[in-house]
Amino acid sequence: MMSAPNYDEFDFPIELTTQPLPVVGICGLDTVNNAIHCNVWEAFNNIRKQNRPLVNFKLITPEHEFPTRKPKKSSYECYIPKGILKRNWMDKHMNHAPAVIIMFYDLDWNDPQWAEKQTECASRVKSLKLTLEGRHTKVALVLIQQEPPIPSGEEIIGGDKSLALIQECELNSKYLLLLPYNTSTADQMQGYVLNLQTTFHEMCIVYFNQLIRDVKSHKSTLIKTIHAYLFIRHTFKMAFYAEMKGEFLAAHKYYNQAYLLFSDIKMTHTNIHECKVVASYIMYKMVSLLFVLNQPRDAIQTFHSHVDKYKFKFGNELLLFEHHAWLSRQYAVFADLFESTIRNGLPASQARHPGFYYQQAAKHCINRRTARNSLCANVTAYPEPDPLQGSSTLDYYGQRPWRPGKLSAEPPDPKKERDGIQALQWLEKTRVDHSMIIIGHLGSAMAQFNTYRCPRMKKYLVIQMAEEYLSSRDYGKALTLMSHMLGDYKNEHWTRLVDDITRPALYCAFVTASVEEYLTLSLDTDKVSTLVNLTRVMNNEMPQAIQYTNHAHNLDELKILWIKNLAKSDNANIEVEMRSEHACVQVKTRLTVDEEAKYMLTVYLRSHFIEPVTFSSLSCTIGDSNLLVCTDLTLPPNQLVECSAEFIPLSCHINTEVTVSHVTLGLETAFRKLALKFMITKDPLKDLPLWRPIESKSDLEMSNIVPLHSVFIVPNTSEMSLDITHDNPALLLEWYPITIKLTNQSSHPLSSLSLVLTCPDSDNIDLCEDSQHVTNNDSTNNPAVAKFPLNRAIGELAPKQDGGEEMGQGQYETIVYVRCTATTPEGAAKLINVKVSYSSYSDPSVLLTKESAVKLNVTKPFDISSSFLSNSFEPISVFHSNEQILIQPLIQCVSPWSIVIEDTFISIPDSIDMKHETKCCLELCKGQAVTCIACVVIKEPRNLCLGVFTVKWRRKDSRLGTVTSCIELPRVDVLPLPIQLSLNLPAHGLVRTPMTICYTLYNYLNSIITVQVVMESSEAFIFSGYKQVVIKLVPDSGQEFKFKIYPQLSGLVALPGFKINLLSKHEGLTQQTIDDMLIRSIPSHIYVLPQPKGIESSQQAQLVMQV
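Per our numbering: the sequence shown = residues 1228 to 2334.
Right, here's the structure in full:
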């Protein structure tokens, strides 16, 4: 029975590559039934998820069995070692043999059952020590205490109890630890656990120091000539113990000593494999520690010295592939280690990074496959019985399963050796996929070269990877990689590399029946077979078979696959991009201007086919237009062919440089259309390969042609003038006239005239040709109002007669009106393109054009703002119902042109009464302003819009209709007015002349209001009437208070104070509301004029008596 292929010792074991940590056993925790114990264990587990832990915690259950302890040897004099390094030794110390065991126990200092629990705890500790008898494992005790700490003054109680517990458990006083756990310390649990970890690690150091002393003691009794293997093993143990302690410098020193001891071993065919395996493990430890110690140069030097030492120690020549596998694994492992160190912050460079080592790993794997092919070709069967049986249970690293534990001096069994070698060869031949291993290494190397910006090395590795895919019969991936590299190498003009890659890529395209890729590649390869295969594929036939590798293919299956792919609709029209220097046809172009100012395109072609080829069409792309040069073009082999055609520029080409971008040769059959698209570069030097010999006369002729790919299109002399007049800027919403005048400046008529107006940004602009509709200013459902573009056929324009200036004699004039509904930003303008086309007199089929552009700035005619005033012309921000409000719109002219305001009015909703309104009708210049005013009363308290302010205006000199501009007044919240006061007052008074004033108080509530009315005294007036009175106002009624006042002073005089005091309580009515209403509703001053001269004093006295 053949064993599984686990014979490969070159895969480094997990215990070797993992950072070794001391094992700390945790016992006494019932994590299933005790929540506190579960939380404690979780706290220790969380340390692993944080930064680098110091120890490896392992939960030990009562059923746990410790590794069996080996009996001590009394002497090593007669002991002959059977191997160098045991397989299970590192795993034992990393996972199974604890350096320290911690016993956890729930015990508080003031526990009422202290004595019983002390005895039980001591019994558990002693039982654990008995189990570990004969080992150096340290035992510590941790008390989980849930009670608060001992109060001050009672520490002696805890001290006595702890001393008694230590004595009964027979523990070192340092090994009794406490772990507080209660609600007040739950948040500090992580800190306690970290402190305990530090203590446990110190105990581990003591444990490993003792182990190192024991190993040194054993080593001192060894004899070098007899115990060379033991010297290496014991030195490795000391190094491993030092690494477990975290002393990396000491560990590296011991590992280095163990590595140097291999020089004392005589290597033969029987032990070379074991020595190389163990030496590579020690090398890995040395290099990883040097990276940890931040000594990358020493790590790299150590690795190179290791490879140089063993690279020629092949061992058995029949197993040479094993040596190459070992070398490949050394490079791959070092590259992985180097890359992980770089990820942790080590700097690298283009000259030194992991990619080179991955590449070497792939190289040695290729050598491994080569050795396999030569050594394992004749192996046809696996030997019986299985010589590799038990390979996974060997005691030592690197030993052969058919001679385990045999000394190197013992002669091997020839038959077992032959069977073992045959088994290894058979497994190497049948079970190892070398291509996948190589591809993995190459992929890692490519990623590194890409990271460190080494594009050429990356491309080289891509080609190697493609070859490996080809070797493993994954033709699709190989074709994809080669196709990418072909494009890059063509752009860089690596002609030889292109030729070398094209043939294997063509083979992959053939065996995968990739029609488009096959046609593309066949046009770049050997020109002898190109035409034959091209013709077969174009006629839906399978091309001739290509033999590139020794892979066997079923031609019948390939034929079925080709027929299936040829029938796909995707392969009916194929376009292939060609490069002139690698193509089957050389192409050059010249774009020139002849004597008649015609633009001529000349295409030079030279075919490399061995037979004449007929192309269905030859076309060129110049700028945005496609030019058909000729059809049914036959190219003789190796002869220069010249084709010419006239290029007629489009109107968009005028005053620009046009360039020949590519030339297309078309091949067409009844089944397929193939377009060969030759890219034309601007720099003619880029069309040349790095080196190309002149082979024939046609080569010399082709090389002497200087290509011209570009020409500047100059506009022809126009036979017509285009004049556009307008007054920029236009005003918002006005119909803006633009006058367009065409003049025939030739001596012959111009026919087929057409006028086209376009606007790239036509969202906010209207167009009209009818001046009648513009004058009426009727745009609602007006069919004359349109959007851009405007197309108008003019017909024929007669030549202009000498001395004739009347319209119709060689001239055409029209006016178009545009209206913009949005202003243009500062520095920007609306662009209106005016294009006139007409037929040439000499050649009516040629259409000539004349273009111009109108840059239109749109600005506002005026700015409108509004303010709101009270009856006393004071600004207000709070509005009340049934109270007069003054709306005052302000019109500020910002137009550069003078405007005339024809009319203004305010449209108000039904819930507002208009009391009075003034209008504005006058002329405004820039910077001038005009205002009007309207007095309104809001009936209901609610949120509403105050109306729409409308302005009818026009330009000062415009004869068109008026423009209507509207602005919506703001929305306001109207509050209810519980009580209102108004004052009927003359416009002015006269000193010492009586006058009557009347206050009217109105109640808008649904209840009776009791108020006190007070008329305050004033030095400026003498008055008659109620000075203080209490009244009751019934709902929806008013009360008048009339006073006669006699002015004593002239000027702007303050009226006597009129106060209203609220005596009853009402919802929504307060004294503050009344005070605000008084300030807002009645004027506080009046103008009093002085007494005119000539009035007698008696008259004055009479007037006083009348008062």
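Ideal Cβ placement from N, Cα and C applies to all residues, glycine included. These numbers were taken from a predicted model, which means no experiment stands behind them.
Neighbourhood of N1760 by C-beta, 7 Å cutoff - its chain only, sequence neighbours within 5 removed: Translated into positions along the sequence shown, residue 1760 becomes position 533. Closer than 7 Å at the Cβ level, and outside the excluded window around N1760, lie S1749, P1770 and Q1771.
Given E2023 as reference, the closest of Y2044, S1989, L1982 and G2054 once Cα atoms are compared: Here residue 2023 refers to the residue found at position 796 of the sequence shown. Comparing Cα positions, the closest option is L1982.
3-residue-minimum beta strand (DSSP E) runs that sit fully inside the region 2109-2190, ordered along the chain: Taking only runs of at least 3 residues, the beta strand (DSSP E) segments lying wholly in the region 2109-2190 are 2111-2120, 2126-2134, 2139-2144, 2156-2158, 2161-2165, 2170-2172 and 2175-2182.
Start-to-end residues for the alpha helix (DSSP H) that takes in E1895: Start at 1 with the first residue of the sequence shown, and residue 1895 comes out as number 668. That residue, E1895, is in no alpha helix (DSSP H); its beta strand (DSSP E) goes E1884 to E1895.
Terminal residues of the alpha helix (DSSP H) in which Y1534 lies: Locating residue 1534 in the sequence shown gives position 307, where the first residue counts as 1. A small fix is needed here, since residue 1534 is Val in this sequence, not Tyr. Secondary structure note for V1534: its alpha helix (DSSP H) is the uninterrupted segment P1523 to Y1537.
At least 3 beta-carbon pairs within less than 8 Å: the region 1359-1366 vs the region 1324-1332: At 8 Å Cβ cutoff, the stretches touch.
Environment of N2230 [buried if 16+ CB atoms lie within 10 Å]: Reading the sequence shown from its first residue, position 1003 is the one you call residue 2230. Buried, since its Cβ has 16 or more Cβ neighbours within 10 Å.
Alpha-carbon to alpha-carbon, F1284 and L1334: Here residue 1334 refers to the residue found at position 107 when the sequence shown is read from its first residue. Here residue 1284 refers to the residue found at position 57 when the sequence shown is read from its first residue. Looking at the two C-alpha atoms, the distance is approximately 22 Å.
Within 8 Å, strictly: CB atoms of P2310 and L2212: Position 1083 of the sequence shown, counted from the start, is the residue given in the question as residue 2310. Position 985 of the sequence shown, counted from the start, is the residue given in the question as residue 2212. Taking 8 Å as the Cβ cut-off, P2310 and L2212 qualify as a contacting pair.
Expected contact under 8 Å - CB spacing of N1971 and M1947 to nearest Å: Start at 1 with the first residue of the sequence shown, and residue 1971 comes out as number 744. Start at 1 with the first residue of the sequence shown, and residue 1947 comes out as number 720. Confirmed, Cβ separation roughly 6 Å.
Contact check, S2125 vs E2150, beta carbons under 8 Å: For the purposes of this step, residue 2125 is taken as residue 898 along the sequence shown, with counting starting at 1. For the purposes of this step, residue 2150 is taken as residue 923 along the sequence shown, with counting starting at 1. Taking 8 Å as the Cβ cut-off, S2125 and E2150 qualify as a contacting pair.
Per-residue DSSP class, three states only, for P1240: Here residue 1240 refers to the residue found at position 13 when the sequence shown is read from its first residue. Note: P1240 maps to coil in three-state DSSP.
From T1462, L2282 and V1933, residue whose alpha carbon lies closest to that of V1505: The residue labelled residue 1505 in the question sits at position 278 within the sequence shown. Among T1462, L2282 and V1933, the Cα nearest to that of V1505 is on T1462.
Buried versus exposed, by CB contacts within 10 Å (16 or more), F2285: Locating residue 2285 in the sequence shown gives position 1058, counting from the first residue. Counting Cβ neighbours within 10 Å, F2285 comes out buried, since at least 16 surround it.
Where P1864 falls: helix, strand or coil (DSSP): Position 637 of the sequence shown holds residue 1864. The answer is strand: DSSP assigns P1864 an E or B state.
Identified DSSP bridge partners for T1970: Taking the first residue of the sequence shown as 1, we reach residue 1970 at position 743. Among the bridge pairs identified by DSSP, T1970 is matched with S1948 and Q2038.
Euclidean distance between Cα positions of I1439 and N1543: Counting from 1 along the sequence shown, the entry for residue 1439 is found at position 212. Counting from 1 along the sequence shown, the entry for residue 1543 is found at position 316. Distance between the alpha carbons of I1439 and N1543 is about 38 Å.
Endpoints, beta strand (DSSP E) assigned at H2312: Position 1085 of the sequence shown, counted from the start, is the residue given in the question as residue 2312. Unbroken beta strand (DSSP E) run through H2312: H2312 to L2316.
Any C-beta of chain C under 8 Å from that of E2129: Of the chains in the structure shown, none is chain C; there is only one protein chain.
Buried versus exposed, by CB contacts within 10 Å (16 or more), Q1813: Here residue 1813 refers to the residue found at position 586 when the sequence shown is read from its first residue. Looking at its Cβ environment, which holds 16 or more other Cβ atoms inside 10 Å, Q1813 is buried.
Three-state secondary structure assigned by DSSP to A1469: Residue mapping note: residue 1469 aligns to position 242 of the sequence shown, counting from 1. The answer is helix: DSSP assigns A1469 an H, G or I state.
Between the CA atoms of H2143 and L2171 - distance to the nearest angstrom: What you label residue 2171 is simply residue 944 of the sequence shown in a count that begins at 1. What you label residue 2143 is simply residue 916 of the sequence shown in a count that begins at 1. Between L2171 and H2143, the C-alpha separation is close to 20 Å.
Straight-line gap, I1253 to L1403 (C-alpha atoms, nearest Å): On the sequence shown, residue 1253 is found 26 positions in, with the first residue counted as 1. On the sequence shown, residue 1403 is found 176 positions in, with the first residue counted as 1. Between I1253 and L1403, the C-alpha separation is close to 14 Å.
T2223 vs K2183 beta-carbon contact at 8 Å: Indexing the sequence shown from 1 puts residue 2223 at position 996. Indexing the sequence shown from 1 puts residue 2183 at position 956. Not closer than 8 Å, so no.
P1876 and V1885 closer than 8 Å at C-beta: In the sequence shown, residue 1876 corresponds to position 649, counting from 1. In the sequence shown, residue 1885 corresponds to position 658, counting from 1. Cβ atoms of P1876 and V1885: closer than 8 Å.
C-alpha gap between C1857 and W1721, whole angstroms: Position 630 of the sequence shown, counted from the start, is the residue given in the question as residue 1857. Position 494 of the sequence shown, counted from the start, is the residue given in the question as residue 1721. Taking C-alpha positions only, C1857 is separated from W1721 by approximately 33 Å.
Rounded Cβ spacing between R1730 and Y1775 (contact assumed at less than 8 Å): Residue mapping note: residue 1730 aligns to position 503 of the sequence shown, counting from 1. Residue mapping note: residue 1775 aligns to position 548 of the sequence shown, counting from 1. About 6 Å; that satisfies the 8 Å criterion.
A1957 versus S2277 - alpha carbon distance: Here the question's residue 1957 lines up with position 730 in the sequence shown. Here the question's residue 2277 lines up with position 1050 in the sequence shown. Whole-angstrom Cα-Cα distance: 55 Å.
Contact under 8 Å by Cβ, I1311 with I1459: Residue 1311 sits at position 84 when you count from the first residue of the sequence shown. Residue 1459 sits at position 232 when you count from the first residue of the sequence shown. Yes, they are a contact pair.
Rounded straight-line distance, which links the Cα of S1618 to that of Y1609: As a position in the sequence shown, residue 1609 is number 382, starting the count at 1. As a position in the sequence shown, residue 1618 is number 391, starting the count at 1. Looking at the two C-alpha atoms, the distance is approximately 16 Å.
Short Cβ contact (8 Å threshold) for A1485 with I1450: Translated into the one-based positions of the sequence shown, residue 1485 becomes position 258. Translated into the one-based positions of the sequence shown, residue 1450 becomes position 223. Cβ atoms of A1485 and I1450: not closer than 8 Å.
Alpha carbon of N2098 to alpha carbon of G2265, nearest angstrom: Position 871 of the sequence shown, counted from the start, is the residue given in the question as residue 2098. Position 1038 of the sequence shown, counted from the start, is the residue given in the question as residue 2265. Taking the straight line from one Cα to the other gives about 19 Å.
Rounded separation between P2205 and G2295 - CA only: If you number the sequence shown from 1, residue 2205 lands on position 978. If you number the sequence shown from 1, residue 2295 lands on position 1068. Roughly 7 Å between the two C-alpha positions.
Closest Cα partner of S2134 within the set G2252, S2122, V2178 and G2154: Locating residue 2134 in the sequence shown gives position 907, counting from the first residue. Checking every option, the nearest Cα to that of S2134 belongs to V2178.
Simplified DSSP state of T1757, which is helix, strand or coil: Within the sequence shown, residue 1757 is the residue found at index 530, counting from 1. Correct three-state label for T1757: helix.
G1572 burial status per 10 Å Cβ neighbour count (16 or more: buried): In the sequence shown, counting from the first residue as 1, residue 1572 sits at position 345. Label assigned to G1572: exposed.
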